[in-house]
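Scroll down for the structure; my scribbles are underneath it.
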Amino acid sequence: MLEAIDLTKRYEDGELALDGLTFKVEPGEIFCMFGANGAGKTTAINLFLNFIPATSGTALIEGIDVAKDPLKAKRHVSFVSENVMLYGNFTAVQNLDYFSRLAGKRTLKKKDYAEVLDRVGLQKEAFDRRVKNFSKGMRQKLGIAIALVKDAPNVLLDEPTSGLDPQSGREFLEILVQMRDKGKSVFMSTHDIFRAKLIADRIGFMRRGRLVMMKTAMELAHEDLTDLYIQYMEEQPAQPSAALSA
Amino acid sequence: MLRDIIKKEILDNITSPKFVFTFLLCTILILLSVYTGVTNYRAEKKEHTASLALNKKNMESQPNFSSLAGIGVKVSKPPQVLGTVVNGIEEAVGRVAPVNIVADPNLVDSKYSSNPVFAVFGPLDLMFIVKIVLSLFAILFTYDAIVGEKEKGTLKLALSNEVPRDRLILGKAIGGYISLLLPLLIPLVLSLIILLITPDISLGGEDWGRLLLIFLMFFLYLSVFFSLGLFVSARTSRSSTSFLVLLFIWVVFVMVIPKVAVITAGQIRPIPSVHEITAKKDAFLQQIQTESQKGYLDWVQKNRTDAQKDPKAFEEKFRQFLQNYQQEMTSKIDENNSAIERDYQQRKRAQQNLAINMSRISPASALTFGSMTLAKTGVNDFDRFLASVRAYKPIYTKWINSKLAQSINFQTGEQPKISLDDMPQHTIEPEWLSRSLVRTIPDFALLAVMIIVFFVGAYVSFLRYDVR
Chain A
1 MLEAIDLTKR YEDGELALDG LTFKVEPGEI FCMFGANGAG KTTAINLFLN
51 FIPATSGTAL IEGIDVAKDP LKAKRHVSFV SENVMLYGNF TAVQNLDYFS
101 RLAGKRTLKK KDYAEVLDRV GLQKEAFDRR VKNFSKGMRQ KLGIAIALVK
151 DAPNVLLDEP TSGLDPQSGR EFLEILVQMR DKGKSVFMST HDIFRAKLIA
201 DRIGFMRRGR LVMMKTAMEL AHEDLTDLYI QYMEEQPAQP SAALSA
Chain B
247 MLRDIIKKEI LDNITSPKFV FTFLLCTILI LLSVYTGVTN YRAEKKEHTA
297 SLALNKKNME SQPNFSSLAG IGVKVSKPPQ VLGTVVNGIE EAVGRVAPVN
347 IVADPNLVDS KYSSNPVFAV FGPLDLMFIV KIVLSLFAIL FTYDAIVGEK
397 EKGTLKLALS NEVPRDRLIL GKAIGGYISL LLPLLIPLVL SLIILLITPD
447 ISLGGEDWGR LLLIFLMFFL YLSVFFSLGL FVSARTSRSS TSFLVLLFIW
497 VVFVMVIPKV AVITAGQIRP IPSVHEITAK KDAFLQQIQT ESQKGYLDWV
547 QKNRTDAQKD PKAFEEKFRQ FLQNYQQEMT SKIDENNSAI ERDYQQRKRA
597 QQNLAINMSR ISPASALTFG SMTLAKTGVN DFDRFLASVR AYKPIYTKWI
647 NSKLAQSINF QTGEQPKISL DDMPQHTIEP EWLSRSLVRT IPDFALLAVM
697 IIVFFVGAYV SFLRYDVR
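Just so you know, the sequences run in chain order A and B. 246 is the number that the numbering used here gives the last residue of the first sequence; the numbers go up by one with no jumps. 714 is the number that the numbering used here gives the last residue of the second sequence; the numbers go up by one with no jumps.
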């Protein structure tokens, strides 16, 4: 389970990147967070991964305070970032092997890696090719494979569908659904409203560091998400986060 | 986990084009430098042996002691076997010091004076390769060690796992350093084999000790640039910035500081030019020559009556006077020259020490002075050699003066054939490894301190590094 409690981040230059963000992603749930660039989506993920310290508030992974015990907390989370280049001189399998070892998976064999790479839709002939020759979409698939291999109960995805072609995007959504079905908590920051609507159990909108709206899939069933997106991205008084999470 | 990080770092480096490029260039340059060093050494050794034989033959062929006193004796410094890897100042200053009654000994016949084009580019020895080329490679291996991973996004991905930052930087440092050493070790081992199998190159136990210490100094020097690269890489957010900063520091360390230190030391502690010193010595020599001529005439004037009374006794008396008087005059010249030289050397040493100490801020200077001291091809070794020749000069002049006096024949004017059997020989006490080691302690210590400072800087910076 992922939980943000009144999470606030103010940078040294005074910029307020997150303002009292509160939400919870339950096991077996996909939570998609929308927001314009600079709204605070990536900052929230960075706080969960302890890449930056929070000004106030708490980020919890499986109930572990990330700020207090970051290494223990990271044991329970996988991460897929946007545009990861990976090690260009390594093959897909070598990249996967290295990151799985960092994730503590030391007993995996080449056939296990092949299985995962196959699952994310990477062509077989690309398994032993150097990643520097990969397209953006192929690298993204490899990034997802790295997260899959870790098999953590929580998954953080930072705009993972950018660069994916429609076919790959569809395969990716299937993987997320499989993750949810396995009981993982999935938090995805995205601009891809169409894909998100297909799989999200809940959707949140962020503006200027604040969570301004949160709706369940049921509530969204009869709404036009594009209109909603535009409406919430426009200037309007933010609703208190605490009230939204209640 | 540390093993995985090290393994990844090595694999990532050795599969990169820069590794292949470094390996090829290192192999070519290192082998070329050792080949050049070995060829030069063999030529110099041959030249030294020939010069000794020629000098002896030349002296023996002189008809009498007067002409021998005229040509004097040439003391030649043997080439150092470790000059094959650290040429030092062997080519810049001569290795021959002519010793005669009048002139003060100085080093002549340098390779640069015989062919000035050598001075334009300097020697291509292993020390040069390490100092200039390999230090650049160390930068090439590290400028993007941290910041490059940030740009690729792999740093975020790695640190999203249960990976402590200290272990990651340690693994990267160890793996990166091994990757840097790999392209060096093979050509270095090949170089050692070349040194072992080449005829005329005989390395004694102490030489091997010195060689290992020189190699240790090379590795420390490269470690300085390696840890500096890590440090700058952990302080910047773009690899292009990191490379530019490192290039700037490299230029300052390798090119600017050593030269500026010498110029500044020259300004702070000026010394008279060699021409001024020679002019002073020449002026005194002229004065002595005039004085001695007058002295001879006065003596002859005073003792003229004795020559008529008892020519035999006069001859003996004159011989005795000549020997003593000549010795007195040459002693005066030596004393004066020694006093001038002592003062000059003292001031030169002070300037030299200031320049060396100031330039030691740069690891390149520490490497240069340290490795030259260990190879016995540095300034100090030539100073020691010159000092030993200057100490030999009065011994030689005393011998030649006595021979000159004894060889005067008043009756026939003929002089006896010369014999060099009892001629005193020049000797120099070799500098033992322990002494050289003591003199290189500051250089080793400075390199070690720089490594620690830069690595701690990299370590602390990485712990606080913004990986986003």
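A virtual CB, placed ideally from N, CA and C, is assigned to each residue, including glycine.
Beta-carbon contacts of residue i that lie in its chain and below 8 Å, excluding the five residues immediately before and after
i        : result
ALA242/A : Interpretation of ALA242/A is limited by its pLDDT of 43, a score under 50 that renders its predicted location unreliable; the figure taken from the coordinates is listed afterwards. Around ALA242/A: ASP6, GLY20 and THR22.
ASP165/A : GLY137
ILE439/B : none
LEU447/B : At residue 447/B the sequence reads Ile, which differs from the Leu that was named. For ILE447/B, where only same-chain residues beyond five positions count, the Cβ hits under 8 Å are VAL284, TYR287, ARG288, VAL327, THR330 and LEU441.
Beta-carbon proximity list for residue i, same chain, < 6 Å, skipping 5 on both sides
i        : result
GLU395/B : LEU401
ALA238/A : Caution applies to ALA238/A, whose pLDDT of 48 falls short of 50 and renders its modelled position unreliable; the model cannot decide the point.
TYR638/B : HIS672
ASP158/A : THR42, ILE45, SER81, GLU82 and SER189
SER279/B : LEU370, ASP371, LEU372 and ILE375
Strand pairing of residue i, partner residues [DSSP]
i        : result
GLY204/A : MET33/A and MET214/A
MET188/A : CYS32/A and LEU157/A
VAL258/A : What the structure shows of chain A is the stretch from 1 to 246, and residue 258/A is not part of that stretch, so it cannot be assessed.
ARG10/A  : LEU16/A
LYS320/B : PRO344/B
ALA59/A  : ALA4/A
VAL354/B : VAL342/B
ARG130/A : THR91/A
SER78/A  : VAL155/A
ASP629/B : None; ASP629/B has no bridge partner.
Candidates the options, of which the one nearest residue i by Cα
i        : options                                   : result
LYS9/A   : ALA36/A, ILE45/A and LEU96/A              : ILE45/A
VAL120/A : HIS191/A, VAL177/A, THR58/A and PRO27/A   : VAL177/A
ASP112/A : VAL93/A, PHE51/A and PHE205/A             : VAL93/A
ARG413/B : LEU568/B, PRO433/B, ARG249/B and ILE495/B : ARG249/B
PRO324/B : GLN513/B, PHE311/B, LEU353/B and ARG484/B : LEU353/B
ILE495/B : GLN572/B, PHE471/B, LYS264/B and LYS320/B : PHE471/B
SER538/B : PHE567/B, GLY318/B, THR524/B and PHE560/B : PHE567/B
ARG202/A : PHE172/A, ALA217/A and ILE61/A            : ALA217/A
GLU452/B : TYR281/B, TRP545/B, ILE602/B and PRO676/B : PRO676/B
SER586/B : ILE517/B, SER680/B, LEU458/B and LYS558/B : As written in the sequence, residue 586/B is Ile, which differs from the Ser given in the question. Checked all of ILE517/B, SER680/B, LEU458/B and LYS558/B; the closest Cα to ILE586/B is ILE517/B.
PHE615/B : SER262/B, ASP390/B, ALA338/B and ILE460/B : ILE460/B
ILE30/A  : ILE52/A, LEU47/A, VAL155/A and LEU108/A   : VAL155/A
ALA529/B : GLN572/B, ALA349/B and VAL409/B           : ALA349/B
GLU408/B : LYS132/A, GLN140/A, GLY204/A and PHE51/A  : PHE51/A
LEU80/A  : HIS191/A, ALA126/A and LYS141/A           : A quick correction: the sequence has Val, not Leu, at residue 80/A. Comparing Cα positions, the closest option is LYS141/A.
SER469/B : VAL497/B, LEU426/B, MET247/B and LEU441/B : LEU426/B
ASP151/A : PRO70/A, PHE99/A and LYS215/A             : PHE99/A
VAL186/A : ARG101/A, ASP118/A, GLU62/A and GLY40/A   : GLU62/A
LYS622/B : VAL635/B, ILE432/B, LEU457/B and ASP667/B : LEU457/B
ILE579/B : ALA596/B, ILE534/B and GLU562/B           : ILE534/B
GLU397/B : PHE172/A, GLN123/A and TYR87/A            : TYR87/A
Same chain, Cβ closer than 7 Å to residue i, five either side skipped, listed in chain order
i        : result
SER322/B : HIS294, SER297, LEU298, ARG341 and VAL342
LEU436/B : LEU277
THR55/A  : THR8, LYS9 and ARG10
SER648/B : GLN569
ILE514/B : LEU600
TYR642/B : VAL319, VAL345 and PRO670
ALA246/A : Its pLDDT being 36, under 50, ALA246/A is placed unreliably by the model, and nothing is read from it.
SER479/B : THR388, TYR389, ASP390, ALA391, ILE392, VAL393 and SER488
PRO240/A : Below a pLDDT of 50, predicted positions are generally treated as unreliable, and PRO240/A, at 47, falls in that range; no measurement from the model is reported.
ARG710/B : none
PRO263/B : none
ALA147/A : SER78, PHE79, VAL80 and VAL155
GLU581/B : none
Residues of the stretch 68–79 of chain A with a CB closer than 8 Å to any CB of chain B: list them in chain order, please. LEU71, LYS72, LYS74, ARG75, VAL77, SER78 and PHE79
Give me the subset of the stretch 195–229 of chain A whose CB atoms are less than 8 Å from a CB atom of chain B, sorted by chain position. none
Along the stretch 506–517 of chain B, where does the CB come closer than 8 Å to a CB of chain A? Name the residues. none
Contact set between the stretch 99–125 of chain A and chain B, restricted to residues whose Cβ is under 9 Å from the partner: PHE99, ARG101, LEU102, ALA103, GLY104 and ARG106
Minimum length 3: unbroken beta strand (DSSP E) runs contained in the stretch 681–713 of chain B: none
Report the residues of the stretch 427–438 of chain B with a CB closer than 9 Å to any CB of chain A, ordered along the chain. none
May I ask you to list, following chain order, the residues of the stretch 82–93 of chain A that have a beta carbon less than 9 Å from some beta carbon of chain B? GLU82, ASN83, VAL84, MET85, LEU86, TYR87, GLY88, ASN89 and PHE90
Relative to chain B, which residues along the stretch 44–61 of chain A have a C-beta separation below 9 Å, given in chain order? ASN46, LEU49, ASN50, PHE51 and ILE52
Under 7 Å (Cβ pairs) to chain B, residues found in the stretch 174–196 of chain A: none
Near-chain A residues of the stretch 260–288 of chain B - C-beta to any C-beta below 8 Å: THR261 and SER262
Residues within the stretch 396–422 of chain B neighbouring chain A, beta-carbon criterion of under 8 Å: GLU397, LYS398, GLY399, THR400, LYS402, LEU403, ALA404, LEU405, SER406, ASN407, GLU408, VAL409 and PRO410
Where are the alpha helix (DSSP H) runs, 4 residues long or more, that stay fully inside the stretch 248–331 of chain B, in chain order? 248–260, 263–306 and 311–317
Can you list, in chain order, the residues of the stretch 139–153 of chain A whose Cβ is nearer than 8 Å to any Cβ on chain B? GLY143, ILE146 and LYS150
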